[in-house]
Amino acid sequence: MTVFRNFGRLGFGIWALGFGICFTTLLAQGQTSQPAPAPAAAAADAPSGPAIDLSGYWTPTMNEDGMERGGGSELHDYGGFPLNEAGRLWALSYDPSRVTLRHHQCDAYVTPYQMERDPHTQRLVAIHWWAQVTEGHRVIWMDGRPHPPAWAPHTFRGFSTGKFVGTALVVTTTHLKQGWLRRNGTPESDQATVTEFFVRHGDHLTNTTVVSDPVFLTEPVVRSNDYYRAPVDHGTWLYACDDSEQIVGRAPDVVPHYDFGKQPYAREYSERHKLPLGVAWTGAASMLPGYADAAKTMTDAQGTALLSPAPGRPNETSKAVDPEPRDGEIHVLPIRANVYMLVGDGGNIVVQTGDQGAFVVDTGTGRLSEKVIAAIDKLSERPIQFIANTSFLSDRTGGNGKLAAAGMDPSLPGSFFVNSAPRAVTGLFADPNRHATIMAHNNVTNRMQDAKIPDEAVPGDTYLEERRRKSHNGDSIEMFYEPNAVTDGDSIVFFRRADVIVAGNIVDLTRYPMIDPKNGGSVEGEIKALNDILNRTNYEHEGEGGTYVVPGHGFLADEHEVVEYRDMMVIVRDRVKAMVAAGATLAQVKAARLTADYDTRYGSNTGPWTTDMFVEAVYNSLKPAPKTN
Amino acid sequence: MKLVGIRAAAIAVATTLTLATLSAQGRGGAPANTPPPTPKAAALFDITGYWVALVTEDWRYRQFTPAKGDYVSVPLNAEGRKVADTWDPAKDEAAGEQCRAYGAAGLMRIPTRLHITWQDDNTLKLETDAGTQTRTFAFGRTPTGGGTFQGASAASWDQPRAIFASPIPNRGGPQVRGGSLKVVTTNMKPGYLRKNGVPYSANAVMTEYFDRLDVPGGESLLVVTTEIVDPEYLTTPYWTSPHFKRVDAEGWHPTACTAR
């Protein structure tokens with residue numbers, strides 16, 4: 001980052017003389033935190049020269065949304081945002097105390113909000129951008145490269161490409177993290193995309209931002225921000241953040257939030273400004289002319305109804321991009337050092353390479369095992385020595401047999417294990433020269449044997465309690481048992497040196513966690529497992545980067561995605577728990593649509609794991625055990 | 001750094017020469033007696049049609065009439081605050097001055113639809129359905145209409161030249177396609193920046209840049225970057241950028257001014 005910053009400050013002269021493309025190349029070589037495809041052959045209209053000079057220091061005028069850009073927006077003021085039901089409920093459920101949680105304290109601002117909030121924007125040098133608040137560093141690629149694939153990591157700044165159209169710099173941004181459209185909890189999802197226009201009029205810069213977010217918005221929201229040119233360096237760029245204990249002794253599974261219909265401050269905004277309850281919660285209608293007249297007729301009952309999900313409606317379903325390539329190919333995403341994520345076989349696979357042979361975590365569904373093996377062969381000169389399974393589920397173990405057969409474990413021939421426990425006895429360590437060793441928690445082996453899975457696909461190297469460790473390829477690899485999370489056999493795998501955690505299906509960014517009470521899963525175990533991951537992560541800068549977390553499904557994550565997933569899990573648990581405590585039946589819990597603010601991100605009404613199944617799993621793991629005589 | 005500086009200077013010279021050459025070529029092409037195109041023919045973009053305001057900023061202040069004295073984020077001076085604190089909508093109504101918030105300096109931030117047409121080859125007409133107001137933008141001549149709420153507006157197509165000439169073909173150059181409609185409005189009858197009586201004076205000068213932004217694969221936007229300088233009531237220029245989305249005529253609903 002230091003290198004980037006220094007280039008940024010030197011870059012003014014380079015850019016001013018038309019060397020933006022050269023500068024872009026330097027940045028492309030230096031960019032490692034977000035893997036991106038190599039620049040494509042220059043498309044005819046993609047690279048664009050400098051039409052206008054945007055370099056220098058810019059300061060916002062603050063004449064619009066002064067409260068928002070200064071002291072802060074008022075609670076429950078979402079007027080002018082085309083929020084859908086999920087967005088409205090997410091915002092209404094938001095308790096500002098959430099930022100006291102350790103893993104939220106250093107959350108940076110996402111790009112659309114950064115532009116809205118930032119009082120000092122650092123010099124914009126070609127594609128290099130530095131902003132004061134949360135040290136917002138952006139790179140706007142001008143060389144025509146494509147955006148990364150759906151499984152690439154997301155950042156608070158996102159991945160931006162730009163080109164000049166007439167006198168405007170037009171920037172397209174994808175791969176954003178979940179964040180805010182407004183500081184009072186108005187949400188922006190990690191599926192948002194942003195189009196920005198930068199237009200200069202003399203020493204005035206207008207930034208128009210168009211945010212499309214299928215998860216939380218019914219239509220794009222357009223915002224514009226004004227800046228004036230500052231003649232000198234603002235000189236206040238550092239915004240270092242360290243998290244700390246804000247509330248000592250708080251239980252790790254507490255996430256501040258408000259239950260539907262029970263927001264204690266819901267009336268504050270309307271009463272203060274003498275407006276009908278709920279006028280700021282009606283979404284797209286609130287943006288348009290004539291709204292004031294329509295709002296005059298709004299009743300208190302109509303406003304109160306907006307505090308909760310609309311009854312009787314079917315659950316919404318996920319609007320997120322499918323991160324699975326589904327092209328019959330295996331795609332390799334370098335994570336860090338000698339660790340890679342393989343995508344394409346129905347579940348994320350991780351491969352660590354080195355002189356001791358490949359160490360593989362999970363093997364996908366097995367439908368594309370030959371291609372998985374071919375991909376590993378390209379990454380590793382040595383065959384697979386170890387396979388670790390994070391669960392017995394078929395998307396974690398489906399390729400075990402073929403991948404194990406493609407590997408070998410040179411540590412076993414002639415060893416105690418083979419000589420004293422030949423295949424005839426255990427069926428698990430036969431032909432070590434022609435078979436990798438499969439590791440997992442012992443419950444994985446039990447479940448797979450119960451399911452009559454062929455021996456060659458069943459883990460033979462198991463552990464029983466909290467931890468299994470191994471030094472391999474120069475890294476310390478730890479498997480931690482997460483009892484009763486999704487199932488009773490879940491592990492997370494931590495590559496300590498590479499700083500990569502493989503979470504398996506404990507973190508599934510494509511849907512709600514497939515908690516399976518019949519196989520030992522529980523909501524409390526799932527929350528504990530998510531917190532165990534967070535206890536081992538660290539961020540690199542302003543709440544992102546640092547420890548990478550590979551989910552069972554979905555894009556390569558870091559702790560921010562895990563903490564949002566943990567928050568969701570805790571909030572849903574608390575809502576269900578409250579209804580269970582009040583004696584509600586499963587049907588009543590389902591009818592209450594307690595996941596309505598998350599369904600557009602994780603929900604499904606079809607397939608192997610529906611929202612109703614998830615709610616039922618949560619309900620069943622929370623309901624009191626039947627009384628026995 | 002020294003090396004970079006020398007190289008930069010050399011490239012600057014080359015850039016300037018290239019710019020001058022290309023610029024000269026651009027000027028030399030037209031026959032001497034050809035009349036310049038009319039402003040309508042020379043339009044940098046099509047601004048005509050219907051546009052609807054998207055009130056996404058200062059939402060409460062724009063959608064609802066704020067309380068008297070609520071002038072957050074407007075850089076009023078002491079005199080401006082004094083005037084704002086005496087706002088009396090009943091008095092405006094009694095005086096037939098219900099349209100004081102619909103003057104040019106306040107009109108574009110009112111939740112409204114716009115209908116923009118060419119009145120003639122040299123004049124653009126901008127109508128609003130909220131308050132049923134009409135502004136005219138005169139190109140190439142001294143505008144008329146001063147002393148009214150809409151004042152006198154002089155218009156021009158503002159097409160900045162690129163500062164840089166790239167030595168690489170098709171990588172920029174001195175002539176930049178696109179640009180803005182620039183409108184300078186003066187001689188306005190005093191009115192309100194906000195409906196709750198936040199004032200501007202007859203000495204206010206408003207400069208607007210209308211930019212049409214076409215979202216790739218999406219809608220067309222009209223962003224009006226606005227600077228209001230008012231030595232009588234403001235301490236600094238007041239910058240806003242209301243924006244509009246292109247729509248069809250449906251929803252056009254002229255209404256009278258309201259003072260409250």
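Protein chains in written order, with our numbering: chain A, 1 to 629; chain B, 1 to 260. Ideal placement from N, C-alpha and C gives every residue a C-beta, glycine not left out. Computed from a prediction, not measured in an experiment: that's the story for all the values here.
Endpoints, alpha helix (DSSP H) assigned at Leu114(B): Counting along the chain, Leu114(B) sits inside no alpha helix (DSSP H); it lies in the beta strand (DSSP E) bounded by residues Arg113 to Asp120.
Proximity below 8 Å, CB of Pro262(B) to CB of Tyr200(B): Residue 262(B) falls outside the range modelled here, since chain B spans only 1 to 260, and no answer is possible.
Cutoff 7 Å; reference Met568(A); Cβ partners in own chain excluding five residues on either side: The beta carbon of Met568(A) lies closer than 7 Å to those of Tyr598 in the same chain, with the five residues before and after it left out.
At least three beta-carbon pairs within less than 8 Å, the region 136-147 of chain A to the region 197-214 of chain A: no
Same chain, Cβ closer than 6 Å to His257(A), five either side skipped, listed in chain order: Ser93, Asp95 and Ile571
Positions along the region 79-111 of chain B whose CB lies within less than 7 Å of some CB in chain A: Pro111
Inter-residue spacing [alpha-carbon to alpha-carbon] between Gly312(A) and Ala591(A): Between Gly312(A) and Ala591(A), the C-alpha separation is close to 7 Å.
Proximity below 8 Å, CB of Phe244(B) to CB of Leu213(B): no
Residue interval of the alpha helix (DSSP H) (run including Ala104(B)): Ala104 to Leu107
Candidates Ser411(A), Asn184(A) and Gln105(A): closest to Ile247(A) by CA position: Gln105(A)
Collapsed DSSP secondary structure at Leu27(A) in the structure displayed: Confidence at Leu27(A) is low in this model, with a pLDDT of 28, below 50, so the placement of that residue is unreliable and no value is reported for it.
Contact check, His441(A) vs Gly407(A), beta carbons under 8 Å: no
Short-range partners of chain B found in the region 75-101 of chain A, where Cβ spacing is below 8 Å: Cβ contacts with chain B: Asp77, Gly79, Gly80 and Phe81.
Runs of alpha helix (DSSP H) wholly within the region 240-276 of chain A (minimum 4 residues, chain order): 268-272
Cβ pair count under 8 Å reaching 3, the region 278-297 of chain A against the region 46-60 of chain B: Put simply, the region 278-297 of chain A touches the region 46-60 of chain B. At least three CB pairs are less than 8 Å apart.
Thr155(A), DSSP secondary structure in three states: strand
Runs of beta strand (DSSP E) wholly within the region 75-118 of chain A (minimum 3 residues, chain order): none
Given Arg223(A) as reference, the closest of Thr595(A), Val194(A) and Gly346(A) once Cα atoms are compared: Closest option to Arg223(A), Cα to Cα, is Val194(A).
Residue of Ile515(A), Gly328(A) and Asp355(A) minimising C-alpha distance to Asn338(A): It is Asp355(A) whose Cα lies nearest to the Cα of Asn338(A).
Other residues of its chain near Pro454(A): CB distance less than 8 Å, five sequence neighbours each side excluded: Correct list, in chain order: Gly401.
Coarse secondary structure for Trp237(A), derived from DSSP in three states: coil
Presumed contact (8 Å Cβ cut-off) between Ser286(A) and Gly80(A), rounded CB distance: 6 Å
Under 8 Å between C-beta atoms of Thr487(A) and Phe392(A): yes
Same chain only: Cβ atoms within 7 Å of Gly347(A), ignoring 5 sequence neighbours per side: Excluding positions up to five away in sequence, the list reads Asp362, Gly364, Thr365, Asp395, Arg396, Gly552 and His553.
Amino acids of chain A, ordered along the chain, whose beta-carbon sits closer than 7 Å to that of Phe64(B): Leu275 and Ala292
Closest Cα partner of Val232(A) within the set Val550(A), Gly56(A) and Glu542(A): For Val232(A), the nearest C-alpha among the options comes from Gly56(A).
Rounded C-alpha distance that separates Gly489(A) from Glu465(A): 11 Å
Cβ-based burial, Asp450(A) [other Cβ within 10 Å; buried from 16]: exposed
Span separating the alpha-carbon of Ile116(B) from that of Gly66(A): 30 Å
Interface flag, Arg123(A) vs chain B, CB-CB below 8 Å: Bear in mind that a pLDDT of 36 at Arg123(A), under 50, signals an unreliable position, so the number given afterwards is only what the model happens to contain. Arg123(A) does not count as touching chain B.
Interface partners of Ser73(A) on chain B, CB under 9 Å: Neighbours of Ser73(A) on chain B: none; closest Cβ ~10 Å, over 9 Å.
Residue-level contact to chain B via CB, Ala126(A), 8 Å cutoff: Note that Ala126(A) scores a pLDDT of 42, beneath 50, so its modelled location is shaky; the value from the coordinates is reported in the next line. No, its Cβ sits nowhere closer than 8 Å to a Cβ of chain B.
7 Å Cβ cut-off: residues of chain B touching His201(A): Ser180, Tyr209 and Thr225
Where Ser73(B) meets chain A, residues with beta-carbon distance less than 7 Å: Met62, Asn63, Glu64 and Gly66
Contact list for the region 293-318 of chain A against chain B, Cβ threshold 7 Å: none
Whole-number beta carbon distance between Ser153(B) and Thr136(B), since they are thought to touch under 8 Å: 7 Å
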